[in-house]
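Beneath this line is the structure, given in structure tokens, with notes to follow.
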Amino acid sequence: MSVTVRVPAKVNVQLAVGAARPDGFHDLANVFLAVGLYDEITVTPADELRVTCAGPDAAQVPLDRTNLAARAALALAARRGVEPNVHLHIAKDIPVAGGMAGGSADGAGALLACDTLWGTGASRAELLAICAELGSDVPFSLVGGAALGVGRGEQLTGLDVGGAFHWVFAMAERGLSTPAVFREFDRLAEGRAIPEPVASRDLLDALAKGDADALAAAVTNDLQPAALSLFPELSATLAAGRDAGALASLVSGSGPTTAFLARDAGAAEEVARALRDSGTCRTVRTAQGPVPGATVV
Ligand code: C5P
3 MSVTVRVPAK
13 VNVQLAVGAA
23 RPDGFHDLAN
33 VFLAVGLYDE
43 ITVTPADELR
53 VTCAGPDAAQ
63 VPLDRTNLAA
73 RAALALAARR
83 GVEPNVHLHI
93 AKDIPVAGGM
103 AGGSADGAGA
113 LLACDTLWGT
123 GASRAELLAI
133 CAELGSDVPF
143 SLVGGAALGV
153 GRGEQLTGLD
163 VGGAFHWVFA
173 MAERGLSTPA
183 VFREFDRLAE
193 GRAIPEPVAS
203 RDLLDALAKG
213 DADALAAAVT
223 NDLQPAALSL
233 FPELSATLAA
243 GRDAGALASL
253 VSGSGPTTAF
263 LARDAGAAEE
273 VARALRDSGT
283 CRTVRTAQGP
293 VPGATVV
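The numbers in this note's numbering rise by one with no breaks, and the one at position 140 of the sequence shown is 142.
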């Protein structure tokens, strides 16, 4: 018997970052949108805990107990007093170290898959608490849709979205480490007063209306200057998307994946074609959002 869970990637349509806290994390106003690029996590009973991964970026995925999928299985097993003897297979389509919550998706997916396989029947609240222990973005990977995350980004409020948004994602030649991007944010912020992060009213209204032009006018990412400082070549990718008519061009989360909002599916295909021809990125994908979070398939 095995259980497979499908989990979407995310793009941050607003990422407002406050000053570094004493614990090293940053308070955020983080507006997540789940988009239709997916990892699938399959859990099967085994003699001992084992992780395998397949997909274009599989070579970069750690297969030991630092993998978020393994950590999720261990956390649930410890709480429930069961042995974590499972084979976790990750069919990976979300870019690794890309700023699209691929690792978080695997954590949330493995947690839901193990809960289902073991029949532990954990409540939604308990699953969300384990997700928050695993990482700041993991709770959102479980719930999907659209949500505002505050605190580290783990305290979620679901958001209404009035329609589908069409996105193009350009994957970069190499990854970026999230802690390194936050450190660069701190370095660039030195000597400046950092305002409290707050969600933009205009942005929440644009989401609620499903209005792509209004959303494009409101998207912001406070980590973008830090990501561009560590990865200057991304500005050429952003320019290529803008030149191709994207309504908005931004770095996704801590990057280096870049995200482009298009008016409709046809416009998204045009932007995707131009980005492929630009030679400024590794691969290009289109996806819509919002989509549901982790789901047993
Ligand atoms: O929570 P997660 O393990 O995904 O965070 C990875 C790293 O990103 C943290 O160790 C920290 O350096 C940075 N981070 C942060 N503030 C947040 C979320 C993440 O500084 N709100």
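Glycine included, C-beta positions come from ideal geometry on N, C-alpha and C. Predicted model only: the values in this text are computed from it and were never measured.
Stretch-stretch touch, CB-based, cutoff 8 angstroms, three pairs: the region 217-233 with the region 9-24: yes
At least three beta-carbon pairs within less than 8 angstroms, the region 89-100 to the region 252-269: yes
Reduced DSSP secondary structure (H/G/I, E/B, other) of Ser237: helix
Near ligand 1: Thr259 beta-carbon under 7 angstroms from a heavy atom: no
Alpha helix (DSSP H) runs contained entirely in the region 260-285, provided each spans 4 or more residues: 267-280
Val141 beta carbon near ligand 1 (any heavy atom closer than 7 angstroms): Before going further, note that residue 141 is Pro rather than Val in the sequence given. No; taking the cut-off as 7 angstroms, the Cβ of Pro141 has no heavy atom of ligand 1 nearer than that.
For Gly111, the first and last residue of its enclosing alpha helix (DSSP H): 104-120
Cβ-heavy atom distance, Leu39 to ligand 1, below 7 angstroms: no
Spatial distance of Ser254 from Ser202 (CA atoms): 17 angstroms
Sequence-distant residues of the same chain with beta carbon closer than 6 angstroms to Val140, five excluded per side: Ser106, Gly109, Ala110, Cys133
Distance, Leu205 Cα to Lys211 Cα: 10 angstroms
Span separating the alpha-carbon of Gly149 from that of Ala219: Here residue 149 turns out to be Ala, not Gly, going by the sequence shown. Answer to the nearest angstrom: the Cα atoms are 19 angstroms apart.
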